[in-house]
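K.L.:
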Amino acid sequence: MTSSSVVIASSLSIPATPPTSSIDPLIIRNIIDEAFRVKTDKQGRVTPSTKQIGYDLFVSRFEPQLLIDAFAAVIEQFPIVAAECPKYNSWWTPRFYHLIFLIAQAFMSVLASERASNKTKEKDRKQDSFSNICISVTDEQRCRILRDVVSLNFSFDSNFWSLADYVLNFNKCPKDVVTIISDAASAGKASFAAVDYCIRNKVLSRYLDDPAILYSAALLGPLRAGTVESFAAKRAEEFRQKCREVLLRVEKLVSSPNEWEHAIVDYLGSVKQNDSNGKVVAYTYVGFRDSFSTLMRDLRGLPPSDDRINIKWAHHLVKKCAAKYYCEKTWKIENLHEVIWTILAQRPSMRKFVVQTLTKDFKDPQGAEMWRVCKIPADARKHMAHKSKEEHLDPRTPNPPYLSIPESVKPIEFVRHPSHLKRVANLLEDYANDNYPPVGVDAEWSSYVSYSKATILQLAIPCHIFIIDVDEIKADILVNFFEKLFVEWKLLKIGYQFDEDLIQLRSAVQHCSALYHPKNLICIGKIVKSVSTKF
């Protein structure tokens, strides 16, 4: 074949036992040793990409039909090889990145790149060292790999399972995938990353019919409120009640380290915090206590004691936003100033990081000096002391390449009072009909705080634009309006990444079932992505 492809067979059955490996043990040892040398090379050589590592470890050594079995053999034989050579069991800080994680991540990365390139038209494909690979994954191999990796304790924010899903195509056999992960979780042999992905994934989670999976996830890592809400959404009330009972059972462990330890020992067998082979280990008590308390607080709709932006997220945000201005040229300087000001008002200790980032990463010592000497009061999140050059544009005047509001649209209405919202509701009710006319929807909220919630909901129909001030209108009135907008009225709601907006609306308006199961809501981004992959 002259083109690369990844072929996934359809779901049949789960094999009782994995096949015996036919891969030369010496090659397996060489793969592990080379991965170790790549990770520990400190001689100034540029570390290759994860995809390149996967190519060097596997693709360059095996015929395509042997790649899956070779990977499974390496994972299965790793504990034996590492027992003879303890250096392979080293962990690297700060992410505690075990060698076996690197091997698994590299393998999935190179196969993921192959599947992506296979979707590119031949005339547009760039020929490189990753081309000309044809890989067929059978049901037996898929299940074997899942059993091999389900216990690998990847970091909580690892993308390994999304890569594995993409490569192995879990949608072909979701029931089999869920069976393997849930059985392992019941036995204390599944990592948090595996369990959490299974719960979060909209397709896989539908095959989880036992809320007890939440118990396993909560003990293993930082379960999120959005994950629980999505898992319990559109379920029978009996199922939802069982979810509540499981969470309340776990909550009792928060206030008692002894009871938590007993629960962990009963579930995992010990409270050890690391495993020499990178397998499942106990979540720390402090980590469990803090993350589960946050989970229950969020589920109950309670505000946090500290709403300042997360430091890790703030570091990422500064670099990301600076790149938009300095490198991508898609931002203006006032956009960057707004972000940095908001962050430093909450986290003054990050001033040194901001100065170093602008100086070293983006070669702007003058901008860095401005932030080094700038005085920012702790209560000044919203108002910037120094002036930025402002441009005032009329949204109705054409200003390419920016969008503008058509002349046919009536004045934009800012809805701040219940009486005004009622008039909007009457207009939308008259607008709705059996043809499901479209309504554009969008919510505004801040990503610069730890506890964000929607403050504005924007609605657009032909000739009308409404900006609803969520903060100014009582929750019970909004609940009634949202029930009609998202469920009762025959309207086609169109948004972009509106799933995230729904989460923010739930934070702003508690106990509104319509925000958990809206009807006739589509995401334009998903449609574009779906169409583009077909061409």
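End of the sequence shown = 1298 in this note's numbering, gap-free, step of one.
C-beta: ideal position from N, C-alpha, C; glycine also.
Quick caveat, the model's predicted, so the values are computed rather than measured.
Go to ASP1232, then tell me how far its beta strand (DSSP E) extends in each direction, as first and last residue.
P.N.:
First-last of the beta strand (DSSP E) with ASP1232: 1227-1232.
K.L.:
Considering CYS1286, what are the terminal residues of the beta strand (DSSP E) in which it resides?
P.N.:
1284-1286 is the span of the beta strand (DSSP E), which, as asked, contains CYS1286.
K.L.:
What's the C-alpha gap between GLU877 and GLY1288?
P.N.:
When rounded, the distance between both Cα atoms is 24 Å.
K.L.:
Taking the C-alpha atoms as reference points, what is the distance between LEU1099 and LYS1115?
P.N.:
Whole-angstrom Cα-Cα distance: 17 Å.
K.L.:
Using beta-carbon positions only, say whether SER968 and PHE994 come within less than 7 Å of one another.
P.N.:
Yes; because the gap between Cβ atoms is below 7 Å, this pair is in contact.
K.L.:
Could you tell me the alpha carbon to alpha carbon distance between SER949 and VAL958, rounded to whole angstroms?
P.N.:
C-alpha separation (whole angstroms): 10 Å.
K.L.:
Let me know if TYR818 comes out buried or exposed under the rule of 16 or more other beta-carbons within 10 Å of its beta-carbon.
P.N.:
The residue in question, TYR818, is buried, as its Cβ has 16 or more Cβ neighbours within 10 Å.
K.L.:
Pull up the distance between the alpha-carbon of TRP1134 and that of ALA1108, whole angstroms please.
P.N.:
Near 12 Å, if we compare the C-alpha coordinates of ALA1108 and TRP1134.
K.L.:
Can you tell me whether GLY807 is helix, strand or coil according to DSSP?
P.N.:
For GLY807, the predicted structure reports a pLDDT of 48, less than 50, and the residue's modelled location is therefore unreliable. The matter cannot be settled from this model.
K.L.:
Could you give the distance in angstroms between the alpha-carbon of ILE1027 and the alpha-carbon of ASP1124?
P.N.:
Looking at the two C-alpha atoms, the distance is approximately 44 Å.
K.L.:
For SER921 and ALA947, which I take to be in contact (beta-carbon distance under 8 Å), what is that distance rounded to the nearest angstrom?
P.N.:
At roughly 17 Å, the Cβ-Cβ gap does not stay under 8 Å, so SER921 and ALA947 are not in contact.
K.L.:
Tell me the DSSP secondary structure of TYR1165 in three-state form.
P.N.:
Looking at TYR1165 - three-state DSSP - the assignment turns out to be strand.
K.L.:
Check whether the Cβ atoms of ALA1045 and LEU1031 sit closer than 7 Å, and answer yes or no.
P.N.:
For ALA1045 and LEU1031, yes; Cβs fall inside 7 Å.
K.L.:
In whole angstroms, give me the CA-to-CA distance for ARG800 and VAL837.
P.N.:
Cα-Cα distance, rounded: 16 Å.
K.L.:
Any idea what DSSP makes of ASP1239, helix, strand or coil?
P.N.:
Three-state DSSP puts ASP1239 in a helix.
K.L.:
Is VAL1187 close to chain B? Criterion is C-beta to C-beta, closer than 7 Å.
P.N.:
Going by chain labels, chain B is absent from the structure shown, which holds only one protein chain.
K.L.:
How would you call ASN916, buried or exposed, if buried means at least 16 neighbouring beta carbons within 10 angstroms?
P.N.:
ASN916 comes out buried.
K.L.:
Pull up the DSSP beta-bridge partners for ALA999, would you.
P.N.:
For ALA999, which the question treats as bridged, DSSP gives no partner whatsoever.
K.L.:
What's the gap between the Cα of VAL1081 and the Cα of ALA1277?
P.N.:
Taking the straight line joining both Cα atoms gives about 35 Å.
K.L.:
Checking the sheet assignment: what are the DSSP bridge partners for PHE1177?
P.N.:
Paired residue(s): ILE1230.
K.L.:
Classify SER872: buried if its beta carbon has 16 or more other beta carbons within 10 angstroms, exposed otherwise.
P.N.:
It counts as buried.
K.L.:
Indicate whether ALA833 and PHE841 have their beta-carbon atoms separated by less than 7 Å.
P.N.:
No.
K.L.:
Name, in chain order, the residues that DSSP records as bridge partners for ASP1205.
P.N.:
Answer is GLN1221, bridged to ASP1205.
K.L.:
Taking Cβ positions, are ILE1219 and GLU1207 nearer each other than 7 Å?
P.N.:
Yes, the pair counts as a contact, with Cβ atoms nearer than the cut-off.
K.L.:
Leaving aside the five residues before and after ALA988 along the sequence, list all residues of the same chain whose C-beta is less than 6 Å from its C-beta, in chain order.
P.N.:
The residues are LEU1058, ASP1061, LEU1062.
K.L.:
Quick check: the Cα distance between TYR1279 and VAL940, rounded to an integer number of angstroms?
P.N.:
For TYR1279 and VAL940, the distance between alpha carbons rounds to 26 Å.
K.L.:
Exposed or buried, what is ILE816 when buried is set at 16 or more other beta-carbons lying within 10 Å of its beta-carbon?
P.N.:
The residue is buried, with at least 16 neighbouring Cβ atoms inside 10 Å.
K.L.:
Any idea what DSSP makes of LEU1255, helix, strand or coil?
P.N.:
Looking at LEU1255 - three-state DSSP - the assignment turns out to be strand.
K.L.:
Confirm the yes/no value for this check: CB of LYS1092, any heavy atom of the ligand GTP, distance under 6 Å.
P.N.:
In the structure shown, the ligand GTP is absent, as is every other ligand, since no ligand is present at all.
K.L.:
Count Cβ pairs between the region 1082-1090 and the region 1214-1228 that sit closer than 8 Å; are there 3 or more?
P.N.:
Contact fails: fewer than three Cβ-Cβ distances are below 8 Å.
K.L.:
Which value, in whole angstroms, describes the spacing of the CA atoms of PHE864 and GLY1041?
P.N.:
Using only the alpha carbons, I get a separation of about 8 Å.
K.L.:
Does the separation of the CB atoms of VAL844 and ILE795 fall below 7 Å?
P.N.:
Yes.
K.L.:
Whole angstroms is fine: what's the gap from THR883's alpha carbon to GLY1258's?
P.N.:
Its pLDDT being 49, under 50, THR883 is placed unreliably in this model, and the coordinates cannot settle the point.
K.L.:
Using 8 Å for Cβ pairs, my map puts ALA1217 next to GLN1260. What's the rounded Cβ distance?
P.N.:
Contact flag wrong, Cβ pair sits at about 13 Å.
K.L.:
My understanding is that PHE1249 touches PRO1281, with C-beta atoms under 8 Å, so please give their C-beta distance in whole angstroms.
P.N.:
Yes, they are in contact, since the Cβ atoms of PHE1249 and PRO1281 sit about 4 Å apart, within 8 Å.
K.L.:
So what does VAL1212 bridge to, in DSSP terms?
P.N.:
Answer is ARG1071, bridged to VAL1212.
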